[in-house]
Amino acid sequence: MIVNAAAYTSMDRAEADIENAYAVNATAVGILAEEALALGSLLVHYSTDCVFDGCQTTPYAETDAVNPVSVYGKSKLAGEQAIAEVAPTALILRTSWVAGIHGNNFVKTMLRLGAMQPALRVVGDRFGAPTGAALVADVTAQIVARAWLLGDSGAFAAGIYHLAAAGETSWHGYASEVLRYAAAQGAVLKTDPDRIEEIAASDYPLPAPRPANARLDTAKIRRTFGIHLPDWRMGVHHLLDQFLA
Ligand SMILES: NC(=O)c1ccc[n+]([C@@H]2O[C@H](COP(=O)([O-])OP(=O)(O)OC[C@H]3O[C@@H](n4cnc5c(N)ncnc54)[C@H](OP(=O)(O)O)[C@@H]3O)[C@@H](O)[C@H]2O)c1
1 MIVNAAAYTS
11 MDRAEADIEN
21 AYAVNATAVG
31 ILAEEALALG
41 SLLVHYSTDC
51 VFDGCQTTPY
61 AETDAVNPVS
71 VYGKSKLAGE
81 QAIAEVAPTA
91 LILRTSWVAG
101 IHGNNFVKTM
111 LRLGAMQPAL
121 RVVGDRFGAP
131 TGAALVADVT
141 AQIVARAWLL
151 GDSGAFAAGI
161 YHLAAAGETS
171 WHGYASEVLR
181 YAAAQGAVLK
191 TDPDRIEEIA
201 ASDYPLPAPR
211 PANARLDTAK
221 IRRTFGIHLP
231 DWRMGVHHLL
241 DQFLA
């Protein structure tokens, strides 16, 4: 099996670095698909809610029309299409708002800013489900084990699946939960978690446009693999327990 979590993930840099974004997110993915086909391997690849424009008012299902608005989203969609063209037995797991123990992420940034600044302003009109990298890894392991046990008949699982924690919030709700939980665990903060200022995305302009609605409908993956996806707060608390230990 080939599990590909490598990607060009800096959305803002990608807007001006189009060639490299496509090289990593599309061309390399097509090469992995060809290798997987040649080896008879299952390819597991991660994609993103950014293949959608975010204009829909309900969570996105796998069958909803794609329409990426950023270079990152377009290059990730091109990666999905490269896999589809080669058509190996591939699993594409689209996820969103992922944070884990390694690397930079929103949870770490909020902890850092909350410890330094008395006032914090966070976008309140973009919605999604914060999803722990640990959840993505656990679900991937369960699916892969299942495909492995089933051997060739694991092909039933091929296709695109949406994978995110249950529930939804805004970036503002996410930040508030991070600081509330951290404060409850004894973290010393300058920001009052209940007084984070809610601002509009238009007041926090970034080079790459982000979908206002990043919510993913996860019914297909839950139904197909019989998995339970916990509420997003569980993943955030789990991550904070590790950061604050
Ligand atoms: N984080 C999110 O919110 C989110 C949301 C939706 C989907 N996803 C998807 O989830 C997957 C994992 O994302 P992530 O958040 O874990 O990203 P990440 O922290 O940026 O990790 C990406 C990894 O890709 C590696 N990489 C980048 N360019 C490479 C190259 N040319 N050759 C080899 N390795 C290369 C990086 O290596 P170095 O560390 O050496 O640079 C890094 O380890 C990606 O497919 C992403 O599109 C992420």
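Be aware that the sequence shown starts at 1, since it is given in full-length UniProt numbering, and climbs by one per residue. By construction, the Cβ of each residue, glycine as well, lies at the ideal position given by its N, Cα and C atoms.
Sorry if obvious, but does the Cβ on residue i come closer than 8 Å to a heavy atom of ligand 1?
i	result
R180	no
N4	yes
V98	yes
Y60	no
H162	no
V44	no
A28	yes
G54	no
R13	no
G103	yes
V236	no
A133	yes
S176	no
N25	yes
T109	no
D49	yes
K220	no
S41	no
A7	yes
R215	no
What distance in whole Å lies between the Cβ atoms of residue j and residue i, which are believed to be in contact at a cut-off of 8 Å?
i	j	result
G100	G132	7 Å
I2	A36	5 Å
P209	V69	5 Å
D12	P211	Contact doesn't hold; Cβ gap of about 15 Å is too wide.
W97	A129	6 Å
N213	F127	6 Å
L229	Q185	Going by Cβ atoms, the distance from L229 to Q185 rounds to 24 Å, so no, they are not a contact pair.
A201	D125	6 Å
V44	N4	7 Å
Given this structure, state the Cα-to-Cα distance separating residue i from residue j, to the nearest angstrom.
i	j	result
T9	Y72	7 Å
N20	A78	13 Å
I196	L93	33 Å
D231	K76	26 Å
I143	A119	43 Å
D49	D194	29 Å
L135	G235	7 Å
K190	V123	19 Å
R146	A84	22 Å
L42	T140	12 Å
G159	A87	10 Å
residue 281	E34	Look at the range of the chain in this structure, 1 to 245, and you will see that residue 281 is not part of it.
N25	A183	38 Å
Y174	L39	42 Å
Y46	I199	30 Å
I221	D192	38 Å
A245	I18	40 Å
R223	L91	15 Å
H162	T95	6 Å
E80	T63	14 Å
W148	T89	12 Å
I227	R233	18 Å
F225	A157	9 Å
D138	A7	20 Å
F106	K74	23 Å
A164	A14	24 Å
Q242	H102	11 Å
A16	P205	16 Å
R121	A82	39 Å
A187	D203	29 Å
Does the pairing of the stretch 49-63 with the stretch 21-40 give three or more beta-carbon distances under 8 Å? No contact exists between the stretch 49-63 and the stretch 21-40.
Contact between the stretch 104-115 and the stretch 176-195 is defined here as three or more beta-carbon pairs at a separation below 8 Å; is this criterion met? Contact between the stretch 104-115 and the stretch 176-195 is established, with three or more Cβ pairs separated by less than 8 Å.
Does the count of Cβ pairs from the stretch 205-218 and the stretch 102-112 closer than 8 Å reach three? Taking a contact to require three or more Cβ pairs closer than 8 Å, the stretch 205-218 and the stretch 102-112 do not qualify as touching.
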